[in-house]
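> Can you keep this structure in mind? I'll have questions shortly.
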Amino acid sequence: MSQLRALLLSFALTCSAAPVLAVQPDEIMADPGLEARARMISREIRCPVCQGETIDDSNAPISRDLRLIIRERLLAGDSNDEVIDFVVMRYGEFVLFNPRPAGWNIVLWAAGPVMFLIAAGGVWLVLRRAQRAGPKPVEALSPAEEARLSEILKDE
Numbered sequence: 004m005s006q007l008r009a010l011l012l013s014f015a016l017t018c019s020a021a022p023v024l025a026v027q028p029d030e031i032m033a034d035p036g037l038e039a040r041a042r043m044i045s046r047e048i049r050c051p052v053c054q055g056e057t058i059d060d061s062n063a064p065i066s067r068d069l070r071l072i073i074r075e076r077l078l079a080g081d082s083n084d085e086v087i088d089f090v091v092m093r094y095g096e097f098v099l100f101n102p103r104p105a106g107w108n109i110v111l112w113a114a115g116p117v118m119f120l121i122a123a124g125g126v127w128l129v130l131r132r133a134q135r136a137g138p139k140p141v142e143a144l145s146p147a148e149e150a151r152l153s154e155i156l157k158d159e
């Protein structure tokens, strides 16, 4: 019974473990406040190699270099925005997971709401036209159609 309990405990601990980050022990700063700021910034920067991971999650060598640069800039006294600006200046806006709403990025930020408004306006116009038109009038059968209908009904 104790083996089963140990197995269940190890399974529970394995499933509940936090995700392992790529940050190496030698990268961690002594000051917990600066380390927390470095981690926060690292979660906003995309790995240039992996492209789907933050540099905090990536094991790529360039991600390690970026993590070290971020920590160096924080030790030098830069603010979070200054550190991010430094990284963007070197690698471009591509490294940001959430691009800034400035310049041509405004087009991307505004495209979703604008398209929604255009679609909502189109639906409104279609419904308004249908409401104004009302139901179509029912046309009476012509004499030829009535004769044909009576023939069909007699055959049954």
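Take the sequence shown: its position 50, counted from the start at 1, is 53 in the numbering used here, and no numbers get skipped. Glycine included, C-beta positions come from ideal geometry on N, C-alpha and C. Every value quoted in this text rests on a predicted model; they were computed, and no experiment measured them.
1) Could you compute how far the alpha carbon of A33 sits from the alpha carbon of Y94?
2) My parser needs the alpha helix (DSSP H) runs of 4 or more residues fully inside the segment 68 to 130; what are they?
3) Could you have a look at R49 and say whether DSSP puts it in helix, strand or coil?
4) Can you find the residues in the same chain that come closer than 8 Å, C-beta to C-beta, to L152, ignoring five residues on each side of it along the sequence?
5) Put R8 into one of helix, strand or coil per three-state DSSP.
6) Would you decide whether A20 is buried or exposed? Buried here means 16 or more other CB atoms lie within 10 Å of its CB.
7) Near E96, what residues of its chain come up, given a Cβ to Cβ distance below 8 Å and the 5 sequence neighbours on each side ignored?
8) Tell me whether L130 is buried or exposed, calling it buried when 16 or more other Cβ atoms sit within 10 Å of its Cβ.
The relevant details are as follows:
1) Position 30 of the sequence shown, counted from the first residue, corresponds to residue 33. Position 91 of the sequence shown, counted from the first residue, corresponds to residue 94. If I take the Cα positions, the gap works out to 28 Å.
2) 83 to 94
3) By 1-based counting over the sequence shown, the position of residue 49 is 46. Reduced to three states, the DSSP call for R49 is strand.
4) Sequence index remark: in the sequence shown, residue 152 carries index 149 (1-based). So the list reads L144, once near-sequence residues are dropped.
5) Taking the first residue of the sequence shown as position 1, residue 8 is located at position 5. Looking at R8 - three-state DSSP - the assignment turns out to be helix.
6) As a first step, residue 20 is located in the sequence shown; it is residue number 17 there, counting from the start. Bear in mind that a pLDDT of 44 at A20, under 50, signals an unreliable position, so the number given afterwards is only what the model happens to contain. A20 comes out exposed.
7) As a working note, residue 96 is residue 93 in the sequence shown. Closer than 8 Å at Cβ, skipping near neighbours: P102, R103, N108.
8) Counting from 1 along the sequence shown, the entry for residue 130 is found at position 127. So L130 counts as exposed.
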